[in-house]
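Residue numbers (the numbering used here), protein chains in the order written: chain A, 1 to 199; chain B, 1 to 199.
Note that the Cβ used here is the ideal one computed from N, Cα and C, for glycine as well.
Reading through the structure tokens given below for one structure.
2 protein chains.
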Amino acid sequence: MNKRHYDSEETRSLIADKAARLFAQKGFAGTSIADISRESGCSKGHIYYHFENKEKLFVYLALETMRSWKERWEAVSVNYGTAVEKLHAMASFVHNNYKTPLLQAGQELGSNPATSPETVTKLRGLASTPMQAYYEIFKQGMETGEFDLREEELESTGFLFGTLLGGLCQYLYTMENEPLEALFQRSVTIFVHGICRKG
Amino acid sequence: MNKRHYDSEETRSLIADKAARLFAQKGFAGTSIADISRESGCSKGHIYYHFENKEKLFVYLALETMRSWKERWEAVSVNYGTAVEKLHAMASFVHNNYKTPLLQAGQELGSNPATSPETVTKLRGLASTPMQAYYEIFKQGMETGEFDLREEELESTGFLFGTLLGGLCQYLYTMENEPLEALFQRSVTIFVHGICRKG
DNA sequence: TATTAATTAGGACGTTCGTTCAATTCCATC
DNA sequence: GATGGAATTGAACGAACGTCCTAATTAATA
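Take a look at the structure:
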């Protein structure tokens, strides 16, 4: 017995895909249901068949995006040994998989006084998923002696690394892929070595 | 002869102030003329007496913000000698004076297909003002031998530094001042020294 | 005090927004 | 091939949007 009639499930994820791209590109308020309808090719009414409302749709997208991001990173990261290798891998991974603009849209929605408290709560913890992943890498680097870090510097280091990668994601839609990838990689180099002339 | 009747000029800059804060906090689409009217305490019609429309208002704010930012930085920066000192000063300056969220709102507006081409053009060059300032510092550091940089790395270094500071500005409205300032300063330290175990 | 031009308010406009809902189409099953 | 529930549509709703227009208010000048 097949529970799936029509292409309902596919339609749902098509809507989700298109909506995620639109939210990432134009922000929460900047994206209308009509936009999503046009882009996905299905009626406005049908969007409301799959999702309760615009806010819930966004929260679903944000949470799901982060869950899948974490899952895929954990699958990828085992292929890299040292912390430095992992940082480079992470830079590429974020460049290709991260939907930071979606996080920004989340901030936009979260800071709006009209947003429901439950939504704000759910959105609050969103950024902690990638931050945790960054933290783990720097922790490893500290433990193996690759990095010269003190315990209390770990969190802020991961935070800043994530902020830089996140900032670079702003250029995903306006910059060529190749030079952007170079910037992602150079971010790692700078974090690791700095730019100071050594003794 | 006084050209200023009433407090028109003051009212205009009051509108500009409130509008800038709102745009920075809630984005371009997320901020309504009614919001600005409520916040500034003057009528919607009066906003249109001072500004042609919402788009032009935003462009004015963005350009004016950047112009004033540059002016004030140039006044401040002469108090610092070395490139490292200037980087720390810049971090503090951005923390206290930069309206990066306004730049993000600019990207939001600029990437909207409905936005007029002239506006897009004006917005395009916005980010280059601070980037130029960052570039200058790293160039100085390279020339004085403080930094170990090659000519062709200058631009990307300034770009990344600006991206990191800009990313940190996202937390202006959600984080306490003191720990945020610490993150700004630590950004400089990491950029300068990196985190790799030396020798 | 009367006149005038600059300033401000507030409501009306057409449009677009998020949302709802009745009607229709589709497919699995009988 | 008829039936029923799931999938999908498209029109319609009130609210909110950006913008415009007219009327009221103000302060300077005559």
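No Cβ of chain A is located within less than 8 angstroms of the beta carbon of N53(B).
By the CB criterion at 8 angstroms, S77(A) and K86(A) fall inside the cutoff.
At a beta-carbon threshold of 7 angstroms, none of the residues of chain B lie near Q132(A); the nearest stands roughly 17 angstroms away. For G162(A), the enclosing alpha helix (DSSP H) covers residues L154 to C169. Taking every protein chain shown into account, the CB of Y134(A) has 16 or more other CB atoms within 10 angstroms, so this residue is buried. Distance check between P117(A) and each of Y49(A), E55(A) and F51(A) places E55(A) closest, using alpha-carbon atoms only. Interface residue (Cβ-Cβ distance to chain A less than 8 angstroms): K26(B) is classified as such. Here G141(B) is not near A91(B), since their CB atoms are 8 angstroms or more apart.
For M66(A), the enclosing alpha helix (DSSP H) has its first and last residue at K54 to S77.
Looking from the CA of K26(B), the closest CA among R21(A), Q104(A), N112(A) and T119(A) belongs to N112(A).
Between the C-alpha atoms of N79(A) and I137(A) there is a straight-line separation of about 13 angstroms. Within the same chain, and ignoring the five residues on either side of G106(B) in sequence, the residues whose Cβ sits closer than 7 angstroms to its Cβ are A62, L123 and L126. Distance check between C42(B) and each of L164(B), P130(B) and R12(B) places R12(B) closest, using alpha-carbon atoms only. The beta carbon of T100(A) lies closer than 6 angstroms to those of G166 and C169 in the same chain, with the five residues before and after it left out. Look at the region 166-186 of chain A: the residues with a C-beta under 8 angstroms from a C-beta of chain B are G166, G167, L168, Q170, Y173, T174, A182, L183 and R186.
Neighbours of T163(A) in chain B, taken as residues whose beta carbon is under 7 angstroms from its own, are L164, G167 and L168 in chain order.
Just so you know, the alpha carbons of T157(A) and I190(B) end up roughly 8 angstroms apart. When DSSP states are grouped into helix, strand and coil, E178(B) belongs to the helix group.
At least one CB atom of chain A sits nearer than 8 angstroms to the CB of Q107(B). In this structure, the beta-carbon distance from L22(A) to E39(A) falls below 8 angstroms. Distance from the CA atom of V188(B) to the CA atom of T65(B), rounded to whole angstroms, is 24 angstroms.
Residues of chain A whose Cβ lies closer than 8 angstroms to the Cβ of N112(B) are, in chain order, K26 and G30.
For L57(A), same chain residues with a beta-carbon under 7 angstroms away, outside a window of 5 residues either side, are A19 and F51 in chain order. In the DSSP annotation of this structure, the continuous segment of the alpha helix (DSSP H) that includes K44(A) starts and ends at K44 to H50.
A16(B) is classed as buried because its beta carbon has at least 16 other beta carbons within 10 Å across all chains shown. By the neighbour-count criterion, in which a residue is buried when 16 or more other Cβ atoms sit within 10 angstroms of its Cβ, E176(B) is exposed.
By the criterion of a C-beta distance shorter than 6 angstroms, E108(B) is surrounded in its chain by G27 and F28, once the five residues flanking it on both sides are discounted.
The C-alpha of Q132(B) lies about 9 angstroms from the C-alpha of E155(B). If you draw a 10 Å sphere on the C-beta of G110(A), you find 16 or more other C-beta atoms in it, and that means buried. Annotated as distal: G162(B) and G194(A), with beta-carbon spacing of 8 angstroms or more. Here L164(A) is actually not in contact with L183(B); their C-beta atoms are around 11 angstroms apart, not less than 8 angstroms. Using beta-carbon distances, Q104(A) counts as an interface residue toward chain B, with a partner under 8 angstroms. Closer than 9 angstroms at the C-beta level to chain A, one finds these residues of the region 148-160 of chain B: D148, L149, E153, S156, T157, F159 and L160. If you ignore the 5 residues before and after A89(A), its C-beta comes within less than 7 angstroms of the C-beta of V76, S77 and Y80, all in its own chain and listed in chain order. When secondary structure is reduced to three states using DSSP, A114(A) falls in the coil class, being assigned neither helix nor strand.
Scanning its chain for C-beta atoms nearer than 7 angstroms, with the 5 sequence neighbours on each side dropped, one finds around E146(A) the residues T82, A83 and V84, in chain order.
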